[in-house]
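For the sequence shown, counting from 1, position 153 maps to 153 in UniProt numbering; every step adds exactly one.
Here a beta-carbon is modelled for each residue, glycine too, at the ideal position from N, C-alpha and C.
From a predicted model like this one, the values you see are computed outputs, not experimental measurements.
Worksheet for the structure shown next.
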Amino acid sequence: MINIKKNVVVLLLVAFLLGVVGCGQVKNDNKAGQEPGSTAGTNKAAAAKQVVGANGRTVTVPEKIDRIAITCQGGTAQEVTILGAGDKIVAQAPMNNFPQLLKMFPRYKDIVNPGTFDDVNIEEIIKADPDIVLVGISSKKGNQAIEEAGFPTFTMLIGWADIDTLKNEFLQMGTLLGNEKKAKELVNYWDDKIAYINKMLAKVPEDKKMRVLYASKGLKSVSGKNVWGDSLIAVAGGVNVAADISESREVSIEQIMTWDPDVIILQKGGNAVGELKKDTRLSDLDAIKNGRVHQVPIGAFWWDRPSPEAPLGFMWLATILYPEHTKDIDLKKETKEFFKTFYNYDLSDEEYNSFF
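The structure is reproduced here in structure tokens:
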């Protein structure tokens with residue numbers, strides 16, 4: 001009888017030790033390549049699906065996501081909204097730059113501000129208690145702080161996208177938010193509109209293609225290759241005069257005069273076109289002399305940045321560069337159809353006109 005009791009005690013002790021070891025293994029079972037903070041360490045429901053962030057790492061997240069925090073900008077809130085999860089955003093930096101978005105979705109005016117990029121407010125994020133935090137690829141310090149606080153993160157491309165990587169992000173976000181159907185619809189829309197533009201511009205001879213300079217902050221930042229501005233120009237059928245420089249940087253007035261672009265495209269902000277025309281150093285540029293300096297419209301987001309709305313920017317620029325070849329593009333109709341299809345919103349003529 002004593003031996004039986006001893007055996008029982010031994011078995012219970014072994015079972016206890018195995019349980020302790022097992023718990024330790026689960027707590028540290030982050031697979032190679034998996035986002036830190038994406039499994040154990042939260043009080044959320046058990047993780048049930050995987051998606052790949054912009055940094056190439058696999059993130060394991062809850063099957064159902066009800067609460068979303070966003071600490072990056074660059075069209076992320078617009079993606080979430082289009083994919084039907086706007087009502088789940090519980091923390092997001094102010095979106096005052098996009099009055100049309102706030103008009104369509106007024107609850108965004110009063111959402112908690114968790115900070116952005118590396119300047120995040122962990123206390124506000126903890127209060128918001130998100131199931132997932134959408135973060136920017138460039139803010140490693142802030143992202144690490146969020147993960148160390150126990151929240152899973154999903155990395156967004158923000159401004160560091162090209163067309164293919166952004167379409168892939170839409171699909172990954174569709175999986176993340178449980179709306180793969182809408183994500184595929186958005187990707188198909190992109191493919192259709194790019195093909196539509198390509199077909200219209202197919203007969204433009206190489207030597208007749210418009211030479212374009214795309215800049216922000218006046219002319220303080222010029223877009224070269226490997227940035228979104230280069231993609232914008234290429235899809236619209238133009239030639240980027242700054243293609244020999246990498247990414248975006250400041251160049252001299254002398255360099256701009258040497259390039260002598262046919263068209264200058266500026267990010268919208270203040271009276272950028274008027275200020276440029278006042279600069280007497282630029283008065284001999286063909287773009288200035290021929291009145292071909294334009295600011296990019298803003299809808300629910302900037303049309304010259306990577307976001308779901310970007311095809312409207314592609315079509316807009318194509319009509320600017322090649323009006324004779326793009327007569328079939330009814331930009332007002334295209335814009336209204338986009339807003340109805342993806343925002344479920346009937347855009348008025350007055351609202352459309354305010355974009356320009």
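- Counting the other CB atoms within 10 Å of its CB gives Pro94 a total below 16, which places it among the exposed residues.
- The C-alpha of Ile126 is placed about 36 angstroms away from the C-alpha of Glu247.
- If you draw a 10 Å sphere on the C-beta of Ala202, you find fewer than 16 other C-beta atoms in it, and that means exposed.
- Under the DSSP assignment, Ile329 falls outside any beta strand (DSSP E); it carries neither an H nor an E label.
- Pro99 carries a helical assignment under DSSP once its states are collapsed to helix, strand and coil.
- In this structure Pro323 is exposed. Its beta-carbon is surrounded by fewer than 16 other beta-carbon atoms within 10 angstroms.
- Every beta strand (DSSP E) stretch that sits fully inside the segment 218–253 and reaches 3 residues is listed by chain position as 221–223.
- Inside the segment 286–319, DSSP marks whole alpha helix (DSSP H) runs of 4 or more residues at positions 286–289, from first to last along the chain.
- In this structure, Tyr343 places its C-beta atom within 9 angstroms of the C-beta atom of Ala300.
- Approximately 13 angstroms separates the beta-carbon atoms of Val80 and Gln172; this is outside 8 angstroms, ruling out the contact.
- Nearest to Phe117 by C-alpha distance, out of Phe154, Phe98, Pro106 and Trp190, is Phe154.
- One Cα belongs to Pro308, the other to Lys49, and the distance between them is close to 24 angstroms.
- Within 10 angstroms of the beta-carbon of Pro106 lie fewer than 16 other beta-carbons, which makes it exposed.
- For Met315 and Asp328, the gap between their C-alpha atoms comes out near 11 angstroms.
- Setting aside the 5 residues that flank it on each side, Glu334 is surrounded in the same chain by Leu312 and Met315, each with a C-beta closer than 7 angstroms to its C-beta; the list follows chain order.
- The alpha-carbon separation between Arg292 and Lys220 amounts to approximately 19 angstroms.
- Rounded to the nearest whole angstrom, the C-alpha separation of Val59 and Asp66 is 17 angstroms.
- Listed in chain order, the alpha helix (DSSP H) runs fully inside the segment 121–163 are 122–128 and 140–148, counting runs of at least 4 residues.
- Per DSSP, the continuous beta strand (DSSP E) segment holding Ile265 begins and ends at Val263 to Leu266.
- Of the candidates Asn290, Ser348 and Ile68, the residue whose Cα lies closest to the Cα of Met210 is Asn290.
- In the DSSP assignment, Lys49 is bridged to Val61.
- Across the set Trp190, Asp87, Ile245 and Ile264, the C-alpha of Ile264 shows the shortest separation from the C-alpha of Gly238.
- Under the three-state reduction of DSSP output, Val187 falls in the helix class.
- DSSP places Ala91 inside the beta strand (DSSP E), whose first and last residues are Ile89 to Gln92.
- Ile197 and Ala318 do touch by the CB rule: their CB atoms are close to 5 angstroms apart, below 8 angstroms.
- The Cβ atoms of Ile111 and Ala85 do not sit closer than 9 angstroms to each other.
- Distance between Thr71 and Ile89, taken at the CA atoms: about 11 angstroms.
- In the DSSP assignment, Leu276 falls within the alpha helix (DSSP H) that extends over Ala272 to Lys278.
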